[in-house]
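Read through the structure below, which is laid out as structure tokens, and then see the notes.
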Ligand SMILES: Nc1ncnc2c1ncn2[C@@H]1O[C@H](COP(=O)(O)OP(=O)(O)O)[C@@H](O)[C@H]1O
Ligand SMILES: [Mg+2]
């Protein structure tokens with residue numbers, strides 16, 4: 052088991068942001084983490100990344116438990132590739148794409164250590180896995196948002212993580228860029244059956260066939276977790292939103308509608 056959260060809570064400034072959450076993540080599992088704005092997704096990810104402590108409960112990350120001194124945050128993060136939107140703006144426009152990917156080995160922004168031919172080869176392979184080989188020598192600043200997202204995923208994989216966390220990777224992408232990203236990710240998942248993934252989103256449209264598990268977070272609590280087809284059902288989501296919704300599945304992809312919207316249209 053990679054992650055084991057047992058009734059954890061997180062209080063910040065007197066406010067309980069994560070409440071009694073339990074979640075187990077095993078090797079190779081591909082998870083959706085779903086929640087509305089403010090549900091606590093980022094806080095939960097910060098806990099998994101050892102950026103934030105818990106205030107209650109029991110937590111084991113990659114077989115490490117926080118002791119009196121706390122676990123070594125670096126030792127936890129060695130196991131995780133993390134891509135978030137705040138990362139995207141931290142690289143210089145003038146940086147070469149291959150260097151951005153290589154910096155993932157050192158978990159630094161920019162490359163300050165000496166780079167071996169083996170590092171370069173791995174970075175090229177990682178870019179190639181994301182379908183980005185032709186951009187190796189390009190300036191990072193010239194890339195579109197979708198292309199940058201793929202480069203940052205290639206970078207996150209340089210440390211050979213056991214868990215890849217993608218925090219809303221498709222936000223801000225147009226339809227084609229989003230679909231291109233999802234295709235690249237599906238290929239990546241197929242090549243790495245051992246890699247566990249947490250794909251964070253509040254759009255069911257982004258969930259592809261490879262993602263078999265879902266975790267619904269609502270106001271800091273676990274609303275439901277389980278197989279994706281049970282989590283992404285009209286029944287579950289209607290309860291989750293307190294609104295009647297309909298989920299459609301076609302071509303192994305999901306879409307979501309408000310039921311009252313359909314009724315209104317039929318009455319016209
Ligand atoms: N440092 C903080 N102090 C108090 N409240 C916070 C702090 N950080 C986040 N929150 C609150 O915690 C809730 C969850 O935030 P967040 O984890 O960012 O949710 P999400 O990523 O799902 O949008 C929000 O209501 C937010 O306002
Ligand atoms: Mg967030």
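Residue numbers (the working numbering): 52 to 319.
Even glycine gets a Cβ: it sits at the ideal position worked out from N, Cα and C.
Item: Is it the case that the CB of residue 57 approaches a heavy atom of ligand 2 more closely than 8 Å?; Value: no
Item: Please classify residue 89: does DSSP put it in a helix, a strand, or coil?; Value: coil
Item: Measuring CB to CB, does residue 96 end up less than 9 Å from residue 255?; Value: no
Item: I want to check one thing, is the minimum distance from the CB of residue 219 to the heavy atoms of ligand 2 below 8 Å?; Value: yes
Item: From what residue to what residue does the alpha helix (DSSP H) around residue 226 run?; Value: 226 to 242
Item: For ligand 1, which residues count as neighbours when the test is a C-beta closer than 6 Å to any heavy atom?; Value: 63, 64, 66, 68, 86, 88, 89, 90, 91, 92, 93 and 94
Item: Is it the case that the Cβ atoms of residue 213 and residue 133 are separated by a distance below 9 Å?; Value: no
Item: At the level of alpha carbons, what is the spacing between residue 287 and residue 176?; Value: 41 Å
Item: Identify the continuous alpha helix (DSSP H) that holds residue 254 and give its terminal residues.; Value: Residue 254 -> no alpha helix (DSSP H), and no H or E assigned at all.
Item: Considering only the alpha carbon of each residue, which of 307, 274 and 94 lies closest to residue 103?; Value: 94
Item: Measure the C-alpha to C-alpha separation of residue 179 and residue 187 and round it to an integer number of angstroms.; Value: 9 Å
Item: By how many angstroms is the C-alpha of residue 298 removed from the C-alpha of residue 283?; Value: 7 Å
Item: In chain order, what residues of the same chain have a beta carbon less than 7 Å from the beta carbon of residue 1, not counting five sequence neighbours either side?; Value: Only positions 52 to 319 of the chain appear in the structure, and residue 1 is not among them; the question remains open.
Item: Based on the DSSP secondary-structure assignment, which residues constitute the bridge partners of residue 61?; Value: 69
Item: Which two residues bound the contiguous beta strand (DSSP E) that contains residue 264?; Value: 264 to 269
Item: Figure out for me which residue from 234, 190, 228 and 261 has the closest Cα to the Cα of residue 244.; Value: 261
Item: For residue 201, which of helix, strand or coil comes out of DSSP?; Value: helix
Item: Use the C-beta contact count for residue 235: other C-beta atoms within 10 angstroms, 16 or more gives buried, fewer gives exposed.; Value: buried
Item: Smallest Cα separation from residue 247: which of 310, 211 and 193?; Value: 211
Item: Just the C-alpha distance for residue 190 and residue 148, rounded to the nearest angstrom, thanks.; Value: 6 Å
Item: For residue 339, count neighbouring C-beta atoms within 10 Å of its own C-beta (all shown protein chains included) and say buried if the count is 16 or more, exposed if not.; Value: What is shown of the chain runs 52 to 319, which leaves residue 339 out entirely.
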